[in-house]
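**Student:** Chains A, B and C, in that order, are what the protein sequence lines are. Mapped onto this note's numbering, the consecutive letters of the first sequence carry residue numbers 384 to 711. Mapped onto this note's numbering, the consecutive letters of the second sequence carry residue numbers 159 to 494. Mapped onto this note's numbering, the consecutive letters of the third sequence carry residue numbers 369 to 876. Every residue, glycine too, gets a C-beta built ideally from N, C-alpha and C. These figures come from a predicted structure and were not determined experimentally.
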Amino acid sequence: MQQKKSFWKRLTGSREASLVLILVALLIVVTILSGGTFLTPSNISQIFRNNALTMLMALGMLCVLLTAGIDISITSILAFSGMTIGLLQKYDILHNTFLLFLIAALIGTGCGLLNGLIISKGKVAPIICTMGGMYIWRGLAYVISNNNWASGADVSGFSDFGKDGSVGPYIILAIAYVVFFIVMKWTTFGRRIYAVGSNAEAAEVSGINVDKVISLVYMIMGLLAGLSGALSVSIYASAQPNMQYGKEMDVIAACVIGGVSMNGGRGSVVGTFLGALFYAIVAKALPLVGLESIWQNLIKGIIVLAVVLLNVLTQRAMDRANLERREL
Amino acid sequence: MAGKSGREINAVPQNSVKQKILSWEGGLVIIFVAVLILGAVISPTYNFFSVFREMPKYLCEIFMMFAMGYILIIAEIDISVGAIVCLAATLGCFAGNAGAPLAGVIAVCIGVGFLAGCLNGVILTHFTELPSMIVTLGTQIIFRGIAEVSLGSGGSVSMSNSKIIMPLATMVGPFPLVFFFVAIAAVIFIFSLSRTTFGRKLYAVGSNHTAAHYAGIPVQKIRMICFVLIGTMAGVCALFYLSTTFGANTTTGQGYEMDVIAMCVFGGIATTGGKGNLIGATIAGFTIVCLRIALGQRNINTQLILVIIGLLLIISVLIPRISEVLGNRKRRAVQG
Amino acid sequence: MSDDLILELKGITKIFPGVKALDQVQFQLRRGEVHALMGENGAGKSTFIKVITGVHRAEEGHMYLNGQEVHFKGPKDALEAGIAAVYQHPTTYPELTVTENIFMGHEFKKNGLIQWRAMNQEAKKLLDRLDADFKPTEEMGALSVAQQQMVEIAKALSTNAKIIILDEPTAALAANESQRLYRIVDQLRDEGVSIIFISHRMEDMYRVASRVTVFRDAHYIGTYDVDKITTPDLIKAMVGREISDMYPKPDVEIGKEVFRFEGMTRTGYFKDVAMTVHAGEIVGVTGLVGAGRTETLEAVCGITKADSGHVFVDGKEVHIKKPADAMKAGIVLLPENRQTQGLILRWGLGDNVILPIQDELAKGPFKVKNEKKERELSKKYLEEVDTKAVTIFDPASSLSGGNQQKVVVAKALVQDNMKVLIMDEPTKGVDVGAKAEIYSIMGDLAKKGYGILMISSEMPEILGMSDRIYTMCKGRVTGCLDRRDATQELLLEMSMEKGNNEKKEAAE
Chain A
384 MQQKKSFWKR LTGSREASLV LILVALLIVV TILSGGTFLT PSNISQIFRN
434 NALTMLMALG MLCVLLTAGI DISITSILAF SGMTIGLLQK YDILHNTFLL
484 FLIAALIGTG CGLLNGLIIS KGKVAPIICT MGGMYIWRGL AYVISNNNWA
534 SGADVSGFSD FGKDGSVGPY IILAIAYVVF FIVMKWTTFG RRIYAVGSNA
584 EAAEVSGINV DKVISLVYMI MGLLAGLSGA LSVSIYASAQ PNMQYGKEMD
634 VIAACVIGGV SMNGGRGSVV GTFLGALFYA IVAKALPLVG LESIWQNLIK
684 GIIVLAVVLL NVLTQRAMDR ANLERREL
Chain B
159 MAGKSGREIN AVPQNSVKQK ILSWEGGLVI IFVAVLILGA VISPTYNFFS
209 VFREMPKYLC EIFMMFAMGY ILIIAEIDIS VGAIVCLAAT LGCFAGNAGA
259 PLAGVIAVCI GVGFLAGCLN GVILTHFTEL PSMIVTLGTQ IIFRGIAEVS
309 LGSGGSVSMS NSKIIMPLAT MVGPFPLVFF FVAIAAVIFI FSLSRTTFGR
359 KLYAVGSNHT AAHYAGIPVQ KIRMICFVLI GTMAGVCALF YLSTTFGANT
409 TTGQGYEMDV IAMCVFGGIA TTGGKGNLIG ATIAGFTIVC LRIALGQRNI
459 NTQLILVIIG LLLIISVLIP RISEVLGNRK RRAVQG
Chain C
369 MSDDLILELK GITKIFPGVK ALDQVQFQLR RGEVHALMGE NGAGKSTFIK
419 VITGVHRAEE GHMYLNGQEV HFKGPKDALE AGIAAVYQHP TTYPELTVTE
469 NIFMGHEFKK NGLIQWRAMN QEAKKLLDRL DADFKPTEEM GALSVAQQQM
519 VEIAKALSTN AKIIILDEPT AALAANESQR LYRIVDQLRD EGVSIIFISH
569 RMEDMYRVAS RVTVFRDAHY IGTYDVDKIT TPDLIKAMVG REISDMYPKP
619 DVEIGKEVFR FEGMTRTGYF KDVAMTVHAG EIVGVTGLVG AGRTETLEAV
669 CGITKADSGH VFVDGKEVHI KKPADAMKAG IVLLPENRQT QGLILRWGLG
719 DNVILPIQDE LAKGPFKVKN EKKERELSKK YLEEVDTKAV TIFDPASSLS
769 GGNQQKVVVA KALVQDNMKV LIMDEPTKGV DVGAKAEIYS IMGDLAKKGY
819 GILMISSEMP EILGMSDRIY TMCKGRVTGC LDRRDATQEL LLEMSMEKGN
869 NEKKEAAE
């Protein structure tokens, strides 16, 4: 009996370990299929560069999902902040890379805070609130752009930061992951997020200000979405109101694959990273197995649904095993 | 064995006219009229005939709105409807291009919607641990993914022979045909919700699905019916979408889920379930349609409507909460 | 000694909308004593605890800690003042580790970073002190209820609590687990902690407490020394009258068998359970919490699915797959939790009552609601059970617990093909007056020839109302006693784990 328990524990307790195994297997298969040309330095750096936005926002989504919430307004916040700094450059108001990043981050933080306050103080369901936000910020991005877009020439200086070969995006990613790893594991704020998602009522009783934690979580999500807006303008050297449309699903999917529970309380920074990496590698590998890019969304959707259903089935098997152990 | 105390309990329903006017629906009617006046003020071409002429473009969403009302009342959500519209319209268009007659296109659109709804329903009733938000988030990617794969690298398809679908776009006097279908659907959906035992079951499931289960209501069957219904309605929506645009692409139906949820919430249906009715939602739906027509006639940035609907959604869900907070404050002031 | 009070409450009144939950109650806790707080369900014990721990704020009254008046604004204030509560169903973070559950809100930190190693070590020390058999790094959700309670006690100790409140801690525990809890309580007392022990088990009180305070119907009744009060006096204090007056059990001719089930099995919940009910008979089912009583009868009614088993009504087998099947066969269930299972609180009383039969009343192929008939029927049955309500449109949430329960009874009675009524804890959280009325309805139904199966944890009720009593333990029927042979002690003994339990004790 004891053995059975530890077996289940090992299987489910360490989602990260199993993800690493799956990733390694995936890499081996892909490497063989590509005739050994997959794991080249340029391919690897491309994987990170192409998925920098997803990877960055996945950290914020981790926090949001940990509180049993969801945020589907992130790519709209991204577009709004990205469009704003794009226009600032287009009309030659500002060209300082650091200040532009700062402005984008501040816009994102503001949008996120608004989401957080509506959800925590207004007691509005996160999906509804962020669905509204998704339209408002995207709509505003269109309105301020007046259907124009900032071209590569407009943002030429700024795009040096994120252009192919620049280390900028990697540094931002690395810093973000290290900071989040420490915050989520070793600070009380990080643990409060887990507590609120695990049992909000108990958290309230232990004197945790649940509303504040929830507001902050959405604010952090907004901050990362705003940063991603600047990063997106920098990497893709343009700003359009429709940028990254629909990519919020990629972010959520990366988290879900990484073992973050959508019911709150469960998930880790390492898992999120591995989930995002898995997602990125699959996207990069699809052409290698002969599937055109139009297949991407379908395959991604199937993976997400399969992971979600698999989680339920594992949980059921565990519960069943527990019940069978109970003597009557 | 009548009660020992012989206490009598009143069973006479009381309906006051004042209450009806002060209700959420009463407010909606006022807003609706205000929108019509606004339209007439900002656009010289905004009149009875032009509104009805331009209505079909926007009206197809209303079909889904009725079913979304049911979904929200049973405390669920379906965010895959936009993707279902995309898939159904795409496949319907292909069917037409492959030589199918109107009946064939209708069958494909509605059939695709029905099957997509079945998929959602089957997953949700067999994996009851999963919230509908998560499942429909996942199936949404899949439905749109299938549409993308069938559309190929071009990403769009148009009807090679739009005559097939034209019968659906005819005008009956000043009214478009689709208006009558919407009216029929409205009567059926509103009647079922407010007058039949099925309607009461929806409210029971949404208010307290545990108590509903204990009272012998087949909760899972009802969830299944509602998700199949909304899938089917998304198919109907796709059909009328084709009759106005004669084609589909990868962005077809994007954001429809939010539009219809906003209409319902604006119409007084609570996303927490068990509250609201479709009369309010219908008025709200037509208010938004008429507003769109007005803004469209003035060529006001079409994206501005997104901001307006988004704000409308958030403000309508916030209103009950705000009045609750204000009520508490007042009560406290009285006590203090 | 009597002057050495660590905690004193005077004239506490707490009002909820429509109900006075506490009316001028008082309480005194001496330093280093174990003080039992007893009373029936709904007497106001839980509300009182929540006032002490700052969850609720009392409308009137004063609270003194070490002689100084205190005003708690929230649970945090109480915690900081050294008052900790451990609830029957621990409110924990199931996804987090034991260590984290213990230290949530007061972690060890150095330079702003959490010191996991130090916290794990400290947690281990606390758990060792309580003689716990699990590691601090285990996930909370994987522990049993008893183990989770231990974590909660460890949490209280980690905050250096001087007063620990245990709210019905033994209700969800097996006998050997209760024994271990008693030892922990002894140990804490010896270490100078003052303990308020809430329970309605006599056994708990005699074993651990030195004094006992009794509440009844939101009022303070009295405080007694445990070694000076007798059980009948205590029961009288709790119930307010002699038991015999309370239960209007009519003498009814017991008829033929109306209801029987056998071989009911569900893995992990119950095994091979069989029971029989005759016409006019009231059959009690008792056992400790977690014995599988509710689970069994819910499976019989189709609420959950049993793995196997047969159900017979009037001698004919019926196949029950869903609740509607049971209702069609004449088996009606009065669920345990009226607020979440029995009623839709937001709805009017009338709509609640007719919900199970609305389809039968409906008109035409589209099942149009027959509102006139619905109103007539709901009025009739609500009056029959004597509900205190003004109209049938009053929301169910506006009624008191007892009246809500009457609405649930009306909802059962309205099903006119009913043959057997299964009542799960029918008087839980119901005031004394409504209790008596529910018993009289039960008596009337028995007289009319219905079979009644009543699950109850309250011994006086079981002994007072039943013709025959089944006891269950760990998912099995452990015995069946006739009314004449049953005593409280015998029933309790049969409800406890036998043999098995002694073996385990010996092994320890």
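At what residues does the alpha helix (DSSP H) containing Asn433(A) begin and finish?
**Tutor:** Per DSSP, Asn433(A) belongs to the alpha helix (DSSP H) from Pro424 to Asn433.
**Student:** Helix, strand or coil for Met645(A), going by three-state DSSP, please let me know.
**Tutor:** Note: Met645(A) maps to coil in three-state DSSP.
**Student:** From Glu166(B) to Val758(C), what distance separates their C-alpha atoms?
**Tutor:** So the alpha carbons of these two residues sit roughly 8 Å apart.
**Student:** Quick one: Cα of Glu826(C) to Cα of Ile806(C), how far?
**Tutor:** Cα-Cα distance, rounded: 15 Å.
**Student:** Which one or two residues does DSSP pair with Arg714(C) in a beta bridge?
**Tutor:** Answer by DSSP bridge pairing: none, since Arg714(C) is not bridged.
**Student:** Have a look at the DSSP bridge pairing and note the partners of Val454(C).
**Tutor:** Leu534(C).
**Student:** In whole angstroms, what separates the C-alpha of Leu477(A) from that of Met382(B)?
**Tutor:** One C-alpha to the other measures close to 55 Å.
**Student:** Applying a beta-carbon distance threshold of less than 9 Å, which residues of chain B neighbour Glu675(A)?
**Tutor:** Here the neighbours are Val307, Gly310 and Ser311.
**Student:** Answer with buried or exposed for Glu873(C), where buried requires no fewer than 16 other C-beta atoms within 10 angstroms of its C-beta.
**Tutor:** Since pLDDT at Glu873(C) reaches only 40, below the 50 mark, its modelled position is unreliable, and the value read off the structure follows with that caveat. Exposed, by the Cβ-count rule.
**Student:** Assign Ile415(A) to buried or exposed, taking buried as 16 or more other Cβ atoms, counted over all protein chains shown, within 10 Å of its Cβ.
**Tutor:** Classification for Ile415(A): exposed.
**Student:** So if DSSP puts Met604(A) in a beta bridge, which residue, or which two residues, is it bridged to?
**Tutor:** DSSP lists no partner for Met604(A).
**Student:** How many Å lie between Lys748(C) and Ala169(B) at the Cα?
**Tutor:** Computed Cα separation, rounded: 10 Å.
**Student:** Could you pull out every residue in the same chain whose Cβ sits closer than 6 Å to the Cβ of Leu849(C), ignoring the five residues on either side in sequence?
**Tutor:** Excluding residues within five positions, the ones whose Cβ falls inside 6 Å are Ile837.
**Student:** Are the Cβ atoms of Leu657(A) and Leu485(A) separated by less than 8 Å?
**Tutor:** Cβ atoms of Leu657(A) and Leu485(A): not closer than 8 Å.
**Student:** Measuring CB to CB, does Leu387(B) end up less than 8 Å from Val423(B)?
**Tutor:** Taking 8 Å as the Cβ cut-off, Leu387(B) and Val423(B) do not qualify as a contacting pair.
**Student:** Distance check for Gly832(C) and Gln555(C), CA to CA, integer angstroms please.
**Tutor:** Taking the straight line joining both Cα atoms gives about 38 Å.
**Student:** Would Asn479(C) and Thr505(C) qualify as a contact pair, given that the criterion is a beta-carbon distance under 8 Å?
**Tutor:** In this structure, Thr505(C) does not lie closer than 8 Å to Asn479(C) by Cβ.
**Student:** Just checking, does the region 464 to 483 of chain B make contact with the region 418 to 436 of chain B on the three C-beta pairs under 8 Å criterion?
**Tutor:** Cβ pair count under 8 Å is three or more, so yes.
**Student:** Could you tell me the alpha carbon to alpha carbon distance between Gly648(C) and Gly623(C), rounded to whole angstroms?
**Tutor:** Answer to the nearest angstrom: the Cα atoms are 6 Å apart.
**Student:** Give the DSSP bridge partners of Ile837(C), in chain order.
**Tutor:** Its beta-bridge partners are Gly652(C) and Leu849(C).
**Student:** Does the Cβ-Cβ distance between Met291(B) and Ile576(A) come in under 8 Å?
**Tutor:** Against a cut-off of 8 Å, the Cβ pair of Ile576(A) and Met291(B) comes out as no contact.
**Student:** Would you report the Cα separation of Ala198(B) and Ala452(B), rounded to the nearest angstrom?
**Tutor:** If you take the alpha carbons of Ala198(B) and Ala452(B), they lie about 8 Å apart.
**Student:** Measure the C-alpha to C-alpha separation of Ile242(B) and Glu587(A) and round it to an integer number of angstroms.
**Tutor:** Each residue's alpha carbon lies about 41 Å from the other.
**Student:** Just to confirm, are Ile533(C) and Ala453(C) a CB contact at a threshold of 8 Å?
**Tutor:** Cβ distance < 8 Å, so Ile533(C) and Ala453(C) count as in contact.
**Student:** Are the Cβ atoms of Gly509(C) and Pro462(C) separated by less than 8 Å?
**Tutor:** Yes.
**Student:** Are the beta-carbon atoms of Arg714(C) and Gly432(B) separated by less than 8 Å?
**Tutor:** A contact, by the Cβ cut-off of 8 Å.
**Student:** According to DSSP, simplified to helix, strand and coil, what is Asp727(C)?
**Tutor:** In the structure shown, Asp727(C) sits in a helix (DSSP, three-state: H, G or I).
**Student:** At the level of alpha carbons, what is the spacing between Glu631(A) and Ile300(B)?
**Tutor:** In a straight line, the C-alpha of Glu631(A) is about 15 Å away from that of Ile300(B).
**Student:** Can you pull out the residues from the region 429 to 457 of chain C whose beta carbon lies closer than 8 Å to at least one beta carbon of chain A?
**Tutor:** Against chain A - using a Cβ distance shorter than 8 Å - the residues of the region 429 to 457 of chain C are Gly442, Pro443, Lys444 and Leu447.
**Student:** If we call anything under 8 Å between Cβ atoms a contact, is Glu663(C) one with Arg634(C)?
**Tutor:** Yes, these two residues count as a Cβ contact at 8 Å.
**Student:** Can you find the residues in the same chain that come closer than 7 Å, C-beta to C-beta, to Ile200(B), ignoring five residues on each side of it along the sequence?
**Tutor:** The residues are Ala452 and Arg456.
**Student:** Provide the residue span of the beta strand (DSSP E) that contains Gly430(C), from first to last.
**Tutor:** Residue 430(C) is actually His in this sequence, not Gly. From DSSP, the beta strand (DSSP E) with His430(C) extends over Glu428 to Leu433.
**Student:** So is Met444(A) in contact with chain B if we call contact Cβ pairs under 8 Å?
**Tutor:** Not closer than 8 Å to any Cβ of chain B, the Cβ of Met444(A) fails to qualify, so no.
**Student:** Please report the residue range of the alpha helix (DSSP H) in which Gly443(B) lies.
**Tutor:** First-last of the alpha helix (DSSP H) with Gly443(B): Leu436 to Gln455.
**Student:** According to DSSP, which residues form a beta bridge with Val788(C)?
**Tutor:** Note: Val788(C) sits in a beta bridge opposite Ile699(C) and Gly819(C).
**Student:** Could you pull out every residue in the same chain whose Cβ sits closer than 6 Å to the Cβ of Glu545(C), ignoring the five residues on either side in sequence?
**Tutor:** The answer, listed in chain order, is Ala514.
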